[in-house]
Amino acid sequence: MMERAGKKKSNVNKYQLWQQHNKPIELWSEKVIQQKIDYIHNNPVESGFVKAPIDWKYSSARNYQDDQTVLEIDI
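Residue numbering for the sequence shown follows this note's numbering, starting at 228 and increasing by one per position.
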């Protein structure tokens with residue numbers, strides 16, 4: 228998948244991890260930050276990979292539920 232994405236762009240030698248056309252946004256309030264965290268946590272759910280955000284093994288959603296078994300984050 229990443230190799231295929233890399234072949235589409237002339238400035239990429241082989242692999243591309245991030246999609247093109249990312250638009251950075253300013254995270255100017257706690258509400259906006261939480262909205263983006265929720266969006267990221269829900270991506271595996273929306274894609275049908277898991278039923279709940281905490282079911283995605285490497286998601287920080289687990290940490291927000293006081294589960295530090297995979298990732299340790301500083302908040």
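A virtual CB, placed ideally from N, CA and C, is assigned to each residue, including glycine.
Inter-residue spacing [alpha-carbon to alpha-carbon] between TYR291 and GLN262: Sequence index remark: in the sequence shown, residue 291 carries index 64 (1-based). Sequence index remark: in the sequence shown, residue 262 carries index 35 (1-based). Looking at the backbone, the Cα of TYR291 and that of GLN262 are separated by about 14 Å.
Alpha-carbon spacing of LYS284 relative to TYR266, whole angstroms: For this step, residue 284 is matched to residue 57 along the sequence shown. For this step, residue 266 is matched to residue 39 along the sequence shown. Separation of LYS284 and TYR266 (C-alpha to C-alpha, rounded to the nearest whole angstrom) is 17 Å.
Span separating the alpha-carbon of ARG317 from that of GLN295: Within the shown structure, residues of the chain are numbered from 228 to 302, placing residue 317 beyond reach of any answer.
Straight-line gap, SER287 to VAL259 (C-alpha atoms, nearest Å): Taking the sequence shown and counting its residues from 1, the one referred to as residue 287 is at position 60. Taking the sequence shown and counting its residues from 1, the one referred to as residue 259 is at position 32. Rounded to whole angstroms, SER287 and VAL259 show a C-alpha spacing of 17 Å.
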